[in-house]
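Residue numbers (the working numbering): 186 to 530.
So, in structure tokens, the structure goes:
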């Protein structure tokens, strides 16, 4: 009787162990399946995707709002509406707004950590920020209402239409998304090569002639700098404040300039300055400068507004008014690029 009970107990234990093993295998299979769906792709068969081709729900931009000092996540196209309306006058021709949307989208994609970009140089926790000194400006709907008042809805809708009309479109060069997509307000007659402004040069960022921006108030501009303006500029830059005699205005000795005439290096009152230094010190719109000392002031004549590389925004508007479409505009300022027509697949 004892032996019989012992045999029955052994059978129960064996059956229980088998059932337990089966349950464990089922649990592991379910757990493994959910881990695969939620996180990494299956390692044995990695998905074959074109560069930067993502599911539309995956393209989320981490934006550092510099005034609020807060990171927010926005869908790419939603983010771009706020960029375009802040970076380009919303009353510009619709084709110009479309060109800005494609260029801004290309810039943003080049910065995304998810696609191998460096993110925001000034805020490592974000892909981009809203400070135009570092990334692209961005207006919220509330800001649009405050700035444009009764025209807010009309302008917002125009920009939104331009973004949606080019949804998913980016610039490519030799089949790859462009690593840089700069733009500026007004070139003043000729855009600049990237290598003349920054350390890196790109074949698609070369100088092109452009008189399409001659309706910009910055195409040619003048400013008079008096003694106080000069002193304030030196003080702001951390240089020793110059002592200027009455009626004495300093000469600017240009030691290096680009082929387009933009100042790269110059000497002013014994100080070695870059063109950017001069522009920043005296609040001048461009580094394409003619410095004319007069009796009690310096007359500064400038061409353009901004660094001059890439898309000339007023030029884009001029080309659009001339009947050219946004693709024509982009290919004029970015030599050799093509437009990938659908980032979302």
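Glycine included, each C-beta is placed from N, C-alpha and C at the ideal position.
Quantities reported herein were computed from a predicted structural model and do not represent experimental measurements.
query: Residue 434 versus residue 398: straight-line alpha-carbon distance, rounded; result: 32 angstroms
query: Segment contact, 8 angstroms Cβ cut-off, at least three pairs: the stretch 371-385 with the stretch 472-490; result: yes
query: Cα-Cα separation between residue 289 and residue 416, rounded to whole angstroms; result: 38 angstroms
query: Buried or exposed by the 16-neighbour rule on C-beta atoms within 10 Å, applied to residue 285; result: buried
query: Residue 246 beta carbon less than 7 angstroms from that of residue 312; result: yes
query: Closest by C-alpha distance to residue 540, when choosing among 319, 528, 336 and 382; result: The first residue shown for the chain is 186 and the last is 530, placing residue 540 beyond what the model contains.
query: Per DSSP, the bridge partner or partners of residue 147; result: Shown here, the chain extends from 186 to 530; a query on residue 147 therefore has no answer.
query: Where the alpha helix (DSSP H) containing residue 331 begins and where it ends; result: 326-333
query: Buried or exposed (CB count within 10 angstroms, at least 16 for buried), residue 514; result: buried
query: Nonlocal neighbours in the same chain, by C-beta distance under 6 angstroms from residue 445, ignoring five residues either side; result: 375, 377 and 392
query: Alpha-carbon spacing of residue 308 relative to residue 431, whole angstroms; result: 46 angstroms
query: Residue span of the beta strand (DSSP E) that contains residue 477, given as start and end; result: 474-478
query: Cβ-based burial, residue 301 [other Cβ within 10 Å; buried from 16]; result: exposed
query: CA nearest to the CA of residue 409, picked from 512, 501, 325 and 483; result: 483
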